[in-house]
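Input: a single structure, listed below in structure tokens.
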Amino acid sequence: MSAVLAVADHRRGELRDVSYELLTAGRALADDVGADLHVAVISGTVDDFAPKLDRDGVDTVHTVDYGEEFDHGVYTQTTVQLATELEAQYVLTPNSVNGLDYAPAVASRLDVPIVTDTVALESDGDELRATREMYGGKVETTVSLSGPAVVTIRGAEWPAAEGTGDATIEAFDPDIDEDALGATVTGFEEVAGGDVDISDADVLVSVGRGIDEEENLELIHDLADALDATVSSSRPIVDSGWLPKNRQVGQSGKVVTPDVYIAIGISGAVQHVAGMKGSETIVAINTDPNAPIMDIADYAIQDDLFDVVPALTEQFQ
Ligand code: FAD
1 MSAVLAVADH RRGELRDVSY ELLTAGRALA DDVGADLHVA VISGTVDDFA PKLDRDGVDT
61 VHTVDYGEEF DHGVYTQTTV QLATELEAQY VLTPNSVNGL DYAPAVASRL DVPIVTDTVA
121 LESDGDELRA TREMYGGKVE TTVSLSGPAV VTIRGAEWPA AEGTGDATIE AFDPDIDEDA
181 LGATVTGFEE VAGGDVDISD ADVLVSVGRG IDEEENLELI HDLADALDAT VSSSRPIVDS
241 GWLPKNRQVG QSGKVVTPDV YIAIGISGAV QHVAGMKGSE TIVAINTDPN APIMDIADYA
301 IQDDLFDVVP ALTEQFQ
């Protein structure tokens, strides 16, 4: 039986949510082509990770106990060896910083095409049809590929796999050519504010250029505190240096899918909406009724944020 190989992502001792979404995408693709779903987890506490990845639809979890952290060379060599051994038709990785680091190298070594940042996949066994967004989500394009391929999937586009499976858990011992590793990762240092991952937040209070001045951000932090929420922003706020880059939502920032997204003084440019349109409930506070964010908001408050935000804070304190 042919195989689909999905490679999990983890960071600082935790499997990332997209790893579970990868299982759903991988299972559906495996069903399309009548294949088994194999999942690899490379480096870190692989014995802890393996049972977590044993969810419905997974046939085999391969644990690769090699190093503690992500390493381009280790991931590339391991994925190539495992894909070759399994004769995998498709190799799936998250479209994350790590995934995008090694997936092209895997495709190159396997001499197969790669399609990145996919939001939908289907295959009839010969032809893979992969959908991607272009121009900041304004259009969708479907790429058709024949034969094996490497595919990276966008986070928050597939539901996370649930349930407990009955996968076989196997250790895989790659033959790592240390001379070919090139660079060795000695550790990671988080940038300031790196403790916050906005893509994990349930409630985001997001601020845009309508806030006018850096000192006015205090209003936003007060509301976030009252709601026990996390602060995020549009790009101009980050470009101005008022918040760190890891708070930026959008095409060149992070994709978020909170339960509630409160967009304050944000117009809703396509590049911003590309990062938050999957939010369950969108609340927009904007003086301009024609701002694009008002069209996608579940609750649109057409008013001055300097009146609305303090009133909301008072209400929830
Ligand atoms: P504006 O568009 O200036 O909107 C400010 C809003 O505040 C307006 O709608 C206004 O009506 C409202 N407002 C003003 N005063 C008040 C008030 N007192 N009360 C209530 N409302 C008020 N942007 C991102 O956000 N994320 C990205 O990842 C991103 N990536 C990009 C990538 C590329 C390649 C490019 C070209 C652009 C990208 N952008 C991104 C920028 C994007 O195009 C917009 O410029 C940006 O999102 C606008 O941010 P904003 O909504 O905060 O500001």
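So the sequence shown is numbered by full-length UniProt numbering: it starts at 1 and just counts up by one.
For every residue, glycine included, the Cβ atom is placed at its ideal position computed from N, Cα and C.
Treat the numbers as computed from the prediction; the structure is a model and nothing was measured.
*When we look at the beta-carbon of residue 289 and count the other beta-carbons within 10 Å, is it buried (16 or more) or exposed?*
Along the sequence shown, read from residue 1 onward, the residue named residue 289 stands at position 289. It is exposed - the Cβ of residue 289 has fewer than 16 other Cβ atoms within 10 Å.
_Burial state of residue 294 (16 or more Cβ within 10 Å)_ = Position 294 of the sequence shown holds residue 294. Buried, by the Cβ-count rule.
*Give the straight-line distance between the Cα atoms of residue 111 and residue 282, rounded to the nearest whole angstrom.*
Numbered from 1 along the sequence shown, position 111 holds the residue referred to as residue 111. Numbered from 1 along the sequence shown, position 282 holds the residue referred to as residue 282. Whole-angstrom Cα-Cα distance: 43 Å.
*By DSSP, does residue 164 sit in helix, in strand, or in coil?*
Taking the first residue of the sequence shown as position 1, residue 164 is located at position 164. Residue 164 falls in the coil class under three-state DSSP.
_Nearer than 8 Å: is that true of the beta carbon of residue 132 relative to any heavy atom of the ligand FAD?_
Here the question's residue 132 lines up with position 132 in the sequence shown. Residue 132 Cβ: outside cutoff for every heavy atom of the ligand FAD.
*Name the one or two DSSP bridge partners that residue 254 has.*
The residue given as residue 254 occupies position 254 in the sequence shown. Residue 254 pairs with 249.
*Cutoff 6 Å; reference residue 157; Cβ partners in own chain excluding five residues on either side*: In the sequence shown, counting from the first residue as 1, residue 157 sits at position 157. Contacts found: 119.
*Identify the continuous beta strand (DSSP E) that holds residue 94 and give its terminal residues.*
Position 94 of the sequence shown holds residue 94. Residue 94 -> beta strand (DSSP E) spans 88 to 94.
*Compare the Cα-Cα distances from residue 133 to each of 143, 127 and 235 and report the closest residue.*
Translated into positions along the sequence shown, residue 133 becomes position 133. Comparing Cα positions, the closest option is 143.
*Does the beta-carbon of residue 149 have 16 or more other beta-carbons within 10 angstroms, so that it is buried, or is it exposed?*
Position 149 of the sequence shown, counted from the start, is the residue given in the question as residue 149. Buried, since its Cβ has 16 or more Cβ neighbours within 10 Å.
_Top-ranked residue by Cα proximity to residue 175, from 80, 16 and 103_ = On the sequence shown, position 175 is the one that residue 175 refers to. Considering only alpha carbons, the answer is 80.
*Can you tell which of 15, 226 and 8 has the C-alpha that lies nearest to the C-alpha of residue 200?*
Reading the sequence shown from its first residue, position 200 is the one you call residue 200. When only C-alpha atoms are compared, the closest one is 15.
*Measure the beta-carbon distance from residue 226 to residue 313 and round it to whole angstroms, keeping in mind my assumption that it falls under 8 Å.*
Within the sequence shown, residue 226 is the residue found at index 226, counting from 1. Within the sequence shown, residue 313 is the residue found at index 313, counting from 1. Yes, residue 226 and residue 313 are in contact; Cβ-Cβ is about 5 Å, under 8 Å.
*asked:* I need the boundaries of the alpha helix (DSSP H) containing residue 108, first residue and last residue.
replied: Residue 108 sits at position 108 when you count from the first residue of the sequence shown. Start and end: 97 to 110.
_Among 180, 240, 306 and 270, whose alpha-carbon lies nearest the alpha-carbon of residue 223?_
On the sequence shown, residue 223 is found 223 positions in, with the first residue counted as 1. Cα-wise, what sits closest to residue 223 is 306.
*If you draw a straight line from the C-alpha of residue 255 to the C-alpha of residue 152, how long is it?*
Counting from 1 along the sequence shown, the entry for residue 255 is found at position 255. Counting from 1 along the sequence shown, the entry for residue 152 is found at position 152. If you take the alpha carbons of residue 255 and residue 152, they lie about 15 Å apart.
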